[in-house]
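*Asks:* Here it is: the structure, laid out below.
Residue numbers (the working numbering): 63 to 370.
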């Protein structure tokens with residue numbers, strides 16, 4: 063019996079030594095928590111990731127290492143886990159994504175994985191955990207999210223995002239609500255005579271004029287090759303006309319700069335004072351935009367977008 067006990071103790075020591083060796087040399091942060099979720103062990107990878115020496119981390123709650131709102135979610139998740147475990151439901155590995163505080167005020171996005179440590183009677187006595195740096199993945203996800211909603215050439219919102227927000231606005235309470243649609247005149251002429259690089263410059267110039275003309279809360283989008291649209295919450299006809307005038311002023315400033323290309327947007331706007339269908343208000347704005355285009359042509363302002 064004594065020999066068996068000694069053998070078990072030796073095996074346990076070897077297992078603990080192997081665990082510590084692997085943990086000490088792991089690129090991931092590895093920690094162990096007590097039953098009340100205080101950190102009792104943390105490996106050197108944490109200092110490499112967050113800058114804190116282990117002496118400043120040991121004994122602290124996980125909730126102290128993350129933002130307050132995330133700490134509430136973490137605590138709620140762990141409380142649910144304990145309830146399930148008490149009721150005989152084995153929960154296995156839990157996952158939690160959060161921002162971890164770093165030294166000198168920085169932070170890092172990370173995924174926390176944890177699993178219970180049980181004694182021979184199945185009672186939870188603590189937790190093993192791994193923290194993985196998710197910063198690169200987070201940046202990649204945010205980039206994909208940005209690209210899904212924005213036009214890559216101009217940085218304006220794209221048609222998909224504009225349509226989704228427009229449909230949502232039609233069912234909301236931000237009335238009066240106005241929309242402006244615009245065509246960039248002369249883009250084909252610039253593309254054909256000066257090349258698509260010059261055409262891209264014209265598009266970006268028009269986009270910059272629109273960005274500068276509208277309010278922060280307005281949604282400015284490029285919805286086609288030479289097509290733009292703007293969604294204006296809490297904007298009546300008077301505000302709509304004032305903002306269109308700001309676009310015209312922006313065009314004048316750009317066209318006076320002598321860059322060799324001329325920006326002219328045919329614009330039309332419409333206002334809704336209550337719930338509407340998207341087709342109705344867009345149809346009204348389109349009619350006014352084509353009327354503006356026809357008026358400019360009648361005045362002799364053709365689609366020429368190249369100045370001498």
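Built from N, CA and C at the ideal position, the CB exists for glycine as well.
May I have a chain-ordered list of the alpha helix (DSSP H) segments no shorter than 4 residues that lie completely inside the region 307-366?
*Replies:* If we require 4 residues or more, the alpha helix (DSSP H) runs fully inside the region 307-366 come out as 340-360.
*Asks:* Kindly indicate the opening and closing residues of the beta strand (DSSP E) around residue 194.
*Replies:* First-last of the beta strand (DSSP E) with residue 194: 186-195.
*Asks:* Measure the beta-carbon distance from residue 164 to residue 235 and round it to whole angstroms, keeping in mind my assumption that it falls under 8 Å.
*Replies:* The Cβ separation is near 41 Å, so there is no contact.
*Asks:* Taking only the alpha-carbon atoms, compute the straight-line gap between residue 264 and residue 356 and give it to the nearest angstrom.
*Replies:* C-alpha separation (whole angstroms): 21 Å.
*Asks:* Would you say the region 331-340 touches the region 236-256, given that touching needs at least three Cβ pairs under 8 Å?
*Replies:* Yes, the region 331-340 is in contact with the region 236-256.
*Asks:* Counting along the chain, where does the beta strand (DSSP E) carrying residue 92 start and finish?
*Replies:* Segment 91-96, the beta strand (DSSP E) holding residue 92.
*Asks:* Assuming residue 159 is part of the beta strand (DSSP E), what are its boundary residues?
*Replies:* 156-163 is the span of the beta strand (DSSP E), which, as asked, contains residue 159.
*Asks:* Is residue 283 closer than 8 Å to residue 223 when the C-beta atoms are compared?
*Replies:* In this structure, residue 283 lies closer than 8 Å to residue 223 by Cβ.
*Asks:* If you follow the beta strand (DSSP E) that residue 180 is part of, which residue opens it and which one closes it?
*Replies:* 169-180 is the extent of the beta strand (DSSP E) around residue 180.
*Asks:* Report the partner residues of residue 290 according to the DSSP bridge assignment.
*Replies:* Residue 290 pairs with 244, 284.
*Asks:* Compute the Euclidean distance between the alpha carbons of residue 176 and residue 134, then round it to the nearest angstrom.
*Replies:* Going by the C-alpha atoms only, they are around 17 Å apart.
*Asks:* Could you check where the beta strand (DSSP E) with residue 222 kicks off and where it finishes?
*Replies:* No beta strand (DSSP E) holds residue 222; the alpha helix (DSSP H) holding it covers 221-232.
*Asks:* Whose CA, out of 247, 161, 86, lies closest to the CA of residue 359?
*Replies:* Per the Cα distances, 247.
*Asks:* Work out the CA separation of residue 217 and residue 321 for me, nearest whole Å.
*Replies:* Roughly 22 Å between the two C-alpha positions.
*Asks:* Counting pairs of beta carbons, one from the region 84-101 and one from the region 182-199, are three or more of them closer than 8 Å?
*Replies:* The region 84-101 is in contact with the region 182-199.
*Asks:* Compare the Cα-Cα distances from residue 100 to each of 262, 89, 124 and report the closest residue.
*Replies:* Residue 100 has its Cα closest to that of 124, out of 262, 89, 124.
*Asks:* What residue range does the alpha helix (DSSP H) around residue 148 cover?
*Replies:* Start and end: 130-148.
*Asks:* How far does the beta strand (DSSP E) with residue 102 in it extend, from its first residue to its last?
*Replies:* Segment 101-104, the beta strand (DSSP E) holding residue 102.
*Asks:* Give the DSSP bridge partners of residue 302, in chain order.
*Replies:* In the DSSP output, where bridge partners are listed per residue, residue 302 has none listed.
*Asks:* Sort out for me which residues DSSP pairs residue 202 with in a bridge.
*Replies:* For residue 202, which the question treats as bridged, DSSP gives no partner whatsoever.
*Asks:* List the DSSP bridge partners of residue 263.
*Replies:* Looking at the DSSP assignment, residue 263 forms no beta bridge with any residue, so it has no partner.
*Asks:* Which residue from 285, 308, 278, 258 puts its Cα closest to that of residue 271?
*Replies:* Here the closest residue by C-alpha is 308.
*Asks:* Determine, using beta carbons only, whether residue 227 and residue 162 come nearer to each other than 8 Å.
*Replies:* Contact: no.
*Asks:* What is the DSSP secondary structure of residue 111, reduced to helix, strand or coil?
*Replies:* If DSSP states are grouped into helix, strand and coil, residue 111 belongs with the helices.
*Asks:* Which term fits residue 253, buried or exposed, when burial requires 16 or more other beta carbons within 10 angstroms of its beta carbon?
*Replies:* With 16 or more Cβ atoms within 10 Å of its Cβ, residue 253 is classed as buried.
*Asks:* Whose C-alpha, out of 225, 208, 213, is nearest the C-alpha of residue 340?
*Replies:* Closest by alpha carbon: 225.
*Asks:* Is the beta carbon of residue 238 closer than 8 Å to that of residue 296?
*Replies:* Yes, the pair counts as a contact, with Cβ atoms nearer than the cut-off.
*Asks:* Looking at the structure shown, is residue 123 part of a helix, part of a strand, or coil, going by DSSP?
*Replies:* In the structure shown, residue 123 sits in a strand (DSSP, three-state: E or B).
*Asks:* If I measure Cβ to Cβ from residue 180 and keep anything under 7 Å in the same chain, skipping five residues before and after, which residues do I get?
*Replies:* Contacts found: 186, 187.
*Asks:* Provide the residue span of the alpha helix (DSSP H) that contains residue 253, from first to last.
*Replies:* Run containing residue 253: 249-256, per the alpha helix (DSSP H) assignment.
*Asks:* Report whether the distance from the Cβ of residue 98 to the nearest heavy atom of the ligand NAD is below 7 Å.
*Replies:* Of the ligands one can find in the structure shown there are none, so the ligand NAD has no counterpart to examine.
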